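Since the structure comes first, as structure tokens, the remarks are kept for the end.
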Amino acid sequence: MNLIKKSSLKNVAIFIHDGVEVLDFSGPGEVFAATHTDLGAFNVYTVSLNTEPIISQGFIKIIPEYSISNAPKPDIIVLPGGATGPLLNNTDLIDWVKKITPDLEVALSVCTGAFILQKAGLLQGKKATTFHNAIDRLREIAPETEVLENVRWVDNGQVITTAGVSAGIDGALHTVERIFGREAAEETARYMEYDKWNPEDGLVVEKY
């Protein structure tokens, strides 16, 4: 496997919003924050529409570190699911995703975060996956996308989509593997005691 071009520190922007699924964003966040190698590591931060507190799953209040108007330029973006419906008509968000995409190494969606990628036109002609209860809905609104089920993640190169909730951890570990190698990903999985990680549980569509 060829590794993505390396640098000492890569910015990971985790987009959060009202109703976001806790593990959708905290799982990948833990992966990227816990990864430290001789090659480098990740600078992880949260981004939202603004910096007002958001509520995750009705019981966790989070204050975003940045808004989409002042966030540092990301190398990787994480788009988690949970209550994403209202976001699909938010032109500020969709325009922001489109604006940062050309310079992204990876756009990683978790669960119904795939619908944000679809709205931004990033799933056109690609293979993708999402939360199992949302498979049919994504197929309906994205006929130009081959929506797969029974797979933890799908890697199209720049765009990686994962199934729901805990699958975001798998997608993030796969991203770590791409950037810093299998050993780095395995070390992070061991640190997290995430024994269920299997690097072969996903589908690589495009080599990088």
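Just remember that our numbering sits 141 ahead of the position in the sequence shown, which is counted from 1. Note that the Cβ used here is the ideal one computed from N, Cα and C, for glycine as well. Being a predicted model, the structure only gives us computed values, none of them experimental.
Whose CA, out of Ile241, His273 and Gly262, lies closest to the CA of cysteine 252?
Taking only the C-alpha atoms, the option nearest cysteine 252 is His273.
Mind checking which residues open and close the alpha helix (DSSP H) that includes aspartate 277?
Note, aspartate 277: alpha helix (DSSP H), 276-282.
Would you please state the rounded distance, in angstroms, between the beta carbons of threonine 270 and valine 288? I believe it to be under 8 Å.
Going by Cβ atoms, the distance from threonine 270 to valine 288 rounds to 7 Å, so yes, they are a contact pair.
Between leucine 150 and asparagine 184, which are expected to be in contact by the criterion C-beta below 8 Å, what is the C-beta distance as a whole number of angstroms?
The pair is a contact, with the Cβ atoms about 5 Å apart (cut-off 8 Å).
Does the distance from the C-beta atom of asparagine 152 to that of lysine 240 stay below 8 Å?
In this structure, lysine 240 does not lie closer than 8 Å to asparagine 152 by Cβ.
Distance, Cα to Cα, valine 328 vs arginine 319?
The sequence given here places glutamate at residue 328; valine does not occur at that position. Cα-Cα distance, rounded: 14 Å.
For a quick check, are the C-beta atoms of threonine 176 and alanine 325 less than 8 Å apart?
Taking 8 Å as the Cβ cut-off, threonine 176 and alanine 325 qualify as a contacting pair.
Report all residues from its chain with a CB closer than 8 Å to the CB of aspartate 165; omit the five preceding and five following residues, and keep chain order.
Once the five neighbours on either side are set aside, the close Cβ partners of aspartate 165 are Pro221, Gly222, Gly223, Val251, Cys252, Gly254, Gly305, Val306 and Gly309.
In terms of residue numbering, what span does the alpha helix (DSSP H) encompassing alanine 133 cover?
The requested residue 133 does not occur in the structure, where the chain is confined to residues 142 to 349.
Distance, Cα to Cα, isoleucine 201 vs glycine 343?
The straight-line gap from Cα to Cα measures roughly 30 Å.
Can you give me the C-alpha to C-alpha distance between valine 161 and leucine 180, rounded to a whole angstrom?
Cα-Cα distance, rounded: 32 Å.
Do isoleucine 157 and threonine 187 have their C-beta atoms closer together than 8 Å?
Contact: yes.
Could you please give me the residues that DSSP links to lysine 268 through a beta bridge?
Per DSSP, Glu287.
What is the rounded straight-line gap between the Cα of isoleucine 301 and the Cα of tryptophan 237?
So the two alpha carbons sit approximately 18 Å from each other.
Would you report the Cα separation of glutamate 285 and leucine 263, rounded to the nearest angstrom?
Distance between the alpha carbons of glutamate 285 and leucine 263: 11 Å.
Determine the closest residue to tryptophan 294 out of Pro340, Ala261, Asn231 and Ile195, with distance taken between C-alpha atoms.
The candidate whose alpha carbon is nearest that of tryptophan 294 is Pro340.
According to the Cβ coordinates, are valine 346 and aspartate 311 closer than 8 Å?
Not a contact, by the Cβ cut-off of 8 Å.
If I'm right that isoleucine 217 touches glutamate 246 with Cβ under 8 Å, what's the distance once you round it to whole angstroms?
About 6 Å; that satisfies the 8 Å criterion.
Helix, strand or coil for aspartate 216, going by three-state DSSP, please let me know.
If DSSP states are grouped into helix, strand and coil, aspartate 216 belongs with coil.
Kindly indicate which three-state DSSP category histidine 177 falls into: helix, strand or coil?
Residue state, collapsed to three classes: strand.
Could you tell me which of Gly298, Gln299 and Val292 sits nearest to tryptophan 338, measuring between CA atoms?
Ranking the options by Cα distance to tryptophan 338, first place goes to Val292.
Could you name the residues that DSSP lists as bridge partners for threonine 303?
Paired residues: Trp294.
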